[in-house]
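Participant: Numbering (the numbering used here), first residue to last: 444 to 721. Take a look at this one; I'll ask things after.
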Amino acid sequence: MSIQVRNLSHIYNKGLATEHVALDNINFDIYDGEIVGIIGHTGSGKSTLLQHLNGLLRAESGNIIVGGTDITKPGVAMRDIRRRVGLVFQYPEYQLFEETVAKDVAFGPKNLGLAEEEVENRVREALEMVGIDYEVYGQRSPFELSGGQKRRVAIAGVVAMKPQVLILDEPTAGLDPLGRKELMNLFKKLHQSGMTIVLVTHLMDDVAEYANQVYVMEKGRLVKGGKPSDVFQDVVFMEEVQLGVPKITAFCKRLADRGVSFKRLPIKIEEFKESLNG
444 MSIQVRNLSH IYNKGLATEH VALDNINFDI YDGEIVGIIG HTGSGKSTLL
494 QHLNGLLRAE SGNIIVGGTD ITKPGVAMRD IRRRVGLVFQ YPEYQLFEET
544 VAKDVAFGPK NLGLAEEEVE NRVREALEMV GIDYEVYGQR SPFELSGGQK
594 RRVAIAGVVA MKPQVLILDE PTAGLDPLGR KELMNLFKKL HQSGMTIVLV
644 THLMDDVAEY ANQVYVMEKG RLVKGGKPSD VFQDVVFMEE VQLGVPKITA
694 FCKRLADRGV SFKRLPIKIE EFKESLNG
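Written as structure tokens, this is what we have:
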């Protein structure tokens, strides 16, 4: 499912001394089947933008078209939009509240009014997709699980709604490198199952590895967009907006500055290896 954002602006505390322009005339497209990275320094407007994409925040001005429906128009059934566009907040494990893992994952599907059998099927399927064994963990308290398992259960609760678009706000925050890689591979698996993924992250290596498209935000504005392989060529710009580039790109830029020739700066280890063989 595609999303088009046109001339989107949002102002917090409008008319007050603390007025702050969080989004300033944002325009971009998310196409069906993409993994889109949205990056920017703290305070650039990323989280505010995400909350507009599934209607948690109403646009001050501009339009957001989700699967052909302009969600900024009056009378739009936002419950249906939020079912189609799932949002996973940073540290989603803090949102767990039910007495068992199964009940927590079932909360959303039950609110859709689905039959009990369908709810259970969705719970089992969602837990399987995130790597949690229903038979082992389904009747346990989610608060007995490890931090990584809790996060997977929280994500399963969104997946069980069967969204067409999954929006992830810093989903690997606080995880060690292994946990981060496991979770990113999970999102890749969900993408391969047919979901469009929108990923906000401060980790440029993850953007390089997983995203098809990337958009750079600064002070509420969208200042750059394109394929990661193109965006990360502009190392100076990425450093100016305090984001930097993937580690291998930064390394190769230092080599290039010392006379080593690259047709294009690699953004992945595999590309660097290929450049050596070439």
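Every residue gets a Cβ at the ideal spot worked out from N, C-alpha and C, and that includes glycine.
Taking the straight line between their C-alpha atoms, what separation do you get for Val688 and Val666?
Facilitator: Approximately 16 angstroms, taken between the alpha carbons.
Participant: Measure how close the beta-carbons of Ile446 and Val608 come, nearest whole angstrom, since I'm counting them as under 8 angstroms.
Facilitator: Indeed, because the Cβ distance is near 7 angstroms, the residues count as touching under 8 angstroms.
Participant: Using the C-alpha atoms, what's the distance from Met647 back to Lys716?
Facilitator: Computed Cα separation, rounded: 19 angstroms.
Participant: Phe630 and Ala651 - do their beta-carbons sit closer together than 9 angstroms?
Facilitator: Not a contact, by the Cβ cut-off of 9 angstroms.
Participant: Which residues bound the beta strand (DSSP E) around Ile446?
Facilitator: It spans 446-455 - the beta strand (DSSP E) in which Ile446 sits, taken as one unbroken run.
Participant: Check this for me: beta carbons of Val579 and Leu611, under 9 angstroms apart or not?
Facilitator: Cβ distance not < 9 angstroms, so Val579 and Leu611 don't count as in contact.
Participant: In angstroms with no decimal places, state the Cα-to-Cα distance between Ser504 and Asp523.
Facilitator: For Ser504 and Asp523, the distance between alpha carbons rounds to 22 angstroms.
Participant: To the nearest angstrom, how far is the alpha carbon of Leu493 from that of Thr485?
Facilitator: For Leu493 and Thr485, the distance between alpha carbons rounds to 14 angstroms.
Participant: Can you tell me which of the three DSSP states Glu661 falls into?
Facilitator: If DSSP states are grouped into helix, strand and coil, Glu661 belongs with the strands.
Participant: What residues match up with Ser718 in a beta bridge as DSSP calls it?
Facilitator: Partner(s): none; Ser718 has no beta bridge.
Participant: Suppose you measure from the CA of Glu541 to the CA of Pro535; what does that come to, to the nearest Å?
Facilitator: Rounded to the nearest angstrom, the two C-alpha atoms are 14 angstroms apart.
Participant: Using only CA atoms, which one of Arg594, Thr692, Val657, Val679 lies nearest to Tyr474?
Facilitator: Cα-wise, what sits closest to Tyr474 is Val657.
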